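Below is one structure, written out as structure tokens, with a few remarks after it.
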Amino acid sequence: MEEQASERAGIAAGSNETRSVGWRDLREWIGLLEANGLIKRIDKPVDADEELAAIAYLATRREGAPALLFETIAGDHSGTRILANLLGSSKERFALALGLDPALSIAEMIAATRDIMQRRIKPVAVAKDDARVNEVVLRGDEVDLTQFPAPKFWPGDGGRYIGTGDITLTRNPDTGRINVGCYRQMLHGPRRVGLYCSPGKHGLIDREAWWARGQPCEVVAAYGIDPVLFMLAAQVFGIKESELDVAGGLMGRGVELTEAECVSLPIPANAELVIEGLLHPGDSEEEGPLGEFTGYYGRERAPQPVIDVKAVHHRRSPILTAALMAKYPSCEIGAYYAIMRSARILDDLDRIGVSGVVGAYAHPAAASGWGMVVVSMQQQYAGHAAQVLALTAQCPAAAYYTKWIIAVDADVDPTDFNDVLWALSTRCHPAEDLDILRNTWSTGLDPSQYPPELRPYGSKVLINACKPHRHIKQFPQATLLRQSIYERAAARWSELGFEGPPPKVPAFHKE
Ligand SMILES: Cc1cc2nc3c(=O)[nH]c(=O)nc-3n(C[C@H](O)[C@H](O)[C@H](O)COP(=O)(O)O)c2cc1C
Ligand SMILES: [Mn+2]
């Protein structure tokens, strides 16, 4: 009986464990951050109404700022705590989430992420009674989400957002596949939560498919979630790929799921706070605006679907993961997103089979890695750079939003913007090297187009900042050190009074 129910919920028994990360849930992960000095606890009362977000914003104006655990929320009687800047601009916290070495460079982390993102491990079923999220289970009228201190982030926000650092599960009625997405959720009332999915997102595609059948769409959302499920939910995977299996692969053990009370979807067993509910066809309420990852308020207030909440599960004194949306480096969508998106883009290009691609980077300062992608390549034939640019621009992992796609030669490190700006300034001839793609996949959150209804139709510029292929043989040599002289200087480095090891250089002068 138990097994059948698990199967229905999409949970497979057992897992083929390989190497597993050193934490099992958000609390153990916080312990790991503590041990590594990467989290700051704030025990003084802080108001969830703008003050918490203001402190988080100020505390994250420098790269690599610590995670922030707000332990006392002013006026709160639920004992809820709020974790902000979970991953943010810290590549070290990204590494700790995946069990990588925090000392790796960004480029090395992209390569290591590609490696572990290949693995697939199926979720494992946990009995309801053993699920940590089931410390408190409430159904129907017992549910009152307004008791939780959902933050209002920015002065112009249209409401309190219980879901920002969240995951949302939906099932496609045609394929049965469960999607995991991160979509913002505004609190409307005790049992009503707004869900904003932008066009093209899988949560919206699933919802539309249920509604086309005249049926409600089941939803499970978790508002206090571990870092791997959180980072996974923000990545685009194929409509046939199991994102839950990818999350298992990233952790080296299956995602622990348990059965819900009222819906057929599973719920994450180790989450802090989970809701189950239904999106009924036509049931919507005014939603937004929200200060967004672009650094602006997004769309105007407009009707969005509402989750009719049927049950809530939570741990005692739950920890809500709240994702501040702001300009880099204060945006929650920071280093982790840049690294994973870059890894996914390189995977897409590999799958397509184009040769010569060496690296890619979607810098988080470009609207959380959505605005720009730099791809580095070994030019092998006429037209090669133009081909790589066009494929990068429209591959599934890079297509959304991205306005600037820049190709650089392999001697330019795409993660180093000093290098990229050098290439743009010395190898690119704008009159020759720019192409524009029109009517591309974008979002209503991009403020650069008018009238606002046009915003979902974006445009992209392809910038060839590689050495001009036609003249590659005459192109001047870059100034590089002679290897023998470099080695002599490096050997004398400390004798000359410099501290630390001599800097490494990527290449040497050739006669
Ligand atoms: C903190 C955070 C908030 C996000 N908010 C939204 C949102 O409100 N609506 C939306 O469509 N996408 C939002 N996204 C982006 C999606 O999560 C992302 O595009 C992801 O690929 C969606 O999953 P899907 O590809 O399965 O649709 C957000 C991402 C993050 C990390
Ligand atoms: Mn998806």
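Convert by adding 1468 to the 1-based position in the sequence shown; the result is the number in this note's numbering.
Glycine included, C-beta positions come from ideal geometry on N, C-alpha and C.
These figures come from a predicted structure and were not determined experimentally.
DSSP has residue i in a bridge; who is on the other side?
i: serine 1752; result: Pro1773
i: aspartate 1877; result: Met1845
i: asparagine 2023; result: Outside the modelled stretch of the chain, which goes from 1469 to 1979, sits residue 2023, for which no answer is possible.
i: valine 1594; result: DSSP output for valine 1594 lists no bridge partner at all.
i: aspartate 1517; result: Lys1620
i: histidine 1781; result: Val1605, Val1742
i: threonine 1908; result: Gly1926
i: aspartate 1508; result: One detail in the question is off: residue 1508 reads as lysine in this sequence, not aspartate. Note: lysine 1508 sits in a beta bridge opposite Leu1536.
i: cysteine 1685; result: Leu1747
i: valine 1648; result: Leu1637
In angstroms, rounded to a whole number, what distance separates the CA positions of residue i and residue j?
i: leucine 1566; j: valine 1696; result: 7 angstroms
i: proline 1832; j: arginine 1812; result: 15 angstroms
i: lysine 1778; j: tryptophan 1678; result: 18 angstroms
i: arginine 1906; j: glutamine 1862; result: 12 angstroms
i: tryptophan 1961; j: glycine 1968; result: 8 angstroms
i: glutamate 1979; j: proline 1944; result: 13 angstroms
i: glycine 1717; j: arginine 1588; result: 4 angstroms
i: arginine 1659; j: lysine 1795; result: 32 angstroms
i: asparagine 1640; j: glutamine 1703; result: 18 angstroms
i: aspartate 1776; j: glycine 1644; result: 22 angstroms
i: alanine 1715; j: tyrosine 1691; result: 17 angstroms
i: proline 1864; j: arginine 1819; result: 11 angstroms
i: leucine 1537; j: tyrosine 1525; result: 14 angstroms
i: glutamate 1676; j: glutamine 1846; result: 43 angstroms
i: proline 1915; j: arginine 1923; result: 7 angstroms
i: asparagine 1484; j: leucine 1500; result: Legend: pLDDT at asparagine 1484 = 36, less than 50; position of this residue unreliable, no value from coordinates given.
i: glycine 1766; j: isoleucine 1574; result: 30 angstroms
i: alanine 1854; j: proline 1617; result: 51 angstroms
Ligand 1 heavy atoms versus the CB of residue i: any closer than 7 angstroms?
i: lysine 1669; result: yes
i: glutamate 1800; result: yes
i: glycine 1633; result: yes
i: glutamine 1703; result: yes
i: serine 1587; result: Residue identity differs from the one stated: residue 1587 is arginine in this sequence, not serine. No; taking the cut-off as 7 angstroms, the Cβ of arginine 1587 has no heavy atom of ligand 1 nearer than that.
i: cysteine 1665; result: yes
i: tyrosine 1651; result: yes
i: alanine 1791; result: yes
Out of the options, state which residue places its alpha-carbon closest to the alpha-carbon of residue i.
i: alanine 1689; options: Gly1717, Gly1633, Leu1718, Pro1658; result: Gly1633
i: alanine 1522; options: Gln1586, Lys1512, Lys1620, Leu1555; result: Lys1620
i: threonine 1614; options: Ala1728, Val1661, Leu1637; result: Val1661
i: alanine 1593; options: Val1723, Ser1732, His1937; result: Val1723
i: methionine 1654; options: Ile1646, Val1648, Leu1663, Leu1672; result: Leu1663
i: methionine 1585; options: Val1825, Leu1948, Ser1710; result: Ser1710
i: threonine 1638; options: Thr1726, Val1731, Ala1599; result: Val1731
i: leucine 1946; options: Pro1920, Val1973, Ala1959; result: The residue you asked about is not leucine; residue 1946 is alanine in the sequence shown. The shortest C-alpha separation from alanine 1946 is found at Val1973.
i: arginine 1783; options: Pro1736, Leu1792, Ser1844, Pro1757; result: Pro1736
Is residue i close to ligand 2? I mean its beta-carbon at under 7 angstroms from any heavy atom of the ligand.
i: asparagine 1647; result: yes
i: glutamate 1711; result: yes
Original post:
Do three or more CB pairs link the stretch 1532-1541 to the stretch 1555-1570 at distances below 8 angstroms?
Top reply: yes
**OP:** Determine, using beta-carbon pairs with one atom in the stretch 1927-1947 and one in the stretch 1872-1884, whether at least three such pairs fall under 8 angstroms.
**Re:** yes
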